[in-house]
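Let me begin by presenting the structure, written as structure tokens, before commenting on it.
Numbering (full-length UniProt numbering), first residue to last: 1 to 150.
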């Protein structure tokens, strides 16, 4: 989904599950049943989850996996850049990795959404002139409340 709003280009960020599985294989990582289940859950969840939530959801789905296995797999996958790990005040959250992207944080629900925001070139040039630093990439964290339905 791509939207153009006031000079900004906004789209949902994403890398496919198949790409993540291929990256595991190209890095020589074993694709165990548990590791595949974690990846499938993260790609289907469309949100960032704690290790505890991942463990709970997998077990509710009937996947036989222990706490230690969840933590070890999450650590290995995040270290290799296959999944995203966000350090928050209340712990780590994990999500499917995508191209360089920004986050929209809902204060009401603690939900974190991935979006790709392309800032106007003239704004980036102004930042570069002001700081003396050539911008090669950027990530923005937006915070807000759920919009009321009318």
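The beta-carbon is built from N, C-alpha and C at its ideal position, and this holds for glycine as well.
Practice task
Count the other C-beta atoms from every protein chain shown that fall within 10 angstroms of the C-beta of residue 55, then say buried if there are 16 or more, exposed otherwise.
Solution key: Per the 10 Å Cβ criterion, buried.
Practice task
Count the other CB atoms, across all protein chains shown, that sit within 10 Å of the CB of residue 35; report buried if there are 16 or more and exposed otherwise.
Solution key: Counting every other CB atom within 10 Å of its CB across the protein chains shown gives residue 35 a total of 16 or more, marking it as buried.
Exercise for the section: Have a look at residue 47 and residue 95 and give me their C-alpha separation to the nearest angstrom. Expected result: A straight-line Cα-Cα distance of about 6 Å links residue 47 and residue 95.
Problem - Range of the contiguous beta strand (DSSP E) that encloses residue 118 - result: Per DSSP, residue 118 belongs to the beta strand (DSSP E) from 112-118.
Problem - Cβ-Cβ separation, residue 100 to residue 115 (assumed contact under 8 Å), whole Å - result: Cβ atoms of residue 115 and residue 100 stay farther apart than 8 Å, at about 11 Å.
Exercise for the section: Answer yes or no: do residue 82 and residue 23 have a C-beta to C-beta separation smaller than 9 Å? Expected result: Closer than 9 Å, so yes.
Practice task
Using 10 angstroms around the beta-carbon of residue 89, count the other beta-carbons present and answer buried if the total reaches 16, otherwise exposed.
Solution key: With fewer than 16 other Cβ atoms within 10 Å, it is exposed.
Problem - Those residues which DSSP pairs with residue 104 across a bridge - result: In the DSSP assignment, the residues bridged to residue 104 are 113 and 142.
Handout entry: Entirely enclosed alpha helix (DSSP H) segments - the segment 46-94, minimum 4 residues
Key = DSSP runs (the alpha helix (DSSP H)) wholly in the segment 46-94: 51-60 and 67-79.
Problem - Inter-residue spacing [alpha-carbon to alpha-carbon] between residue 50 and residue 129 - result: Cα to Cα, residue 50 sits roughly 40 Å from residue 129.
Handout entry: Sequence-distant residues of the same chain with beta carbon closer than 8 Å to residue 40, five excluded per side
Key = Excluding positions up to five away in sequence, the list reads 17.
Practice task
Determine, using beta carbons only, whether residue 15 and residue 97 come nearer to each other than 9 Å.
Solution key: Yes, the Cβ-Cβ distance between residue 15 and residue 97 is below 9 Å.
Handout entry: Extent of the continuous alpha helix (DSSP H) to which residue 136 belongs
Key = Neither: residue 136 is in no alpha helix (DSSP H) and is coded neither H nor E.
Exercise for the section: Assign residue 65 to one of two classes, buried (16 or more other C-beta atoms within 10 Å of its C-beta) or exposed (fewer than that). Expected result: With at least 16 other beta carbons inside 10 angstroms of its own, residue 65 counts as buried.
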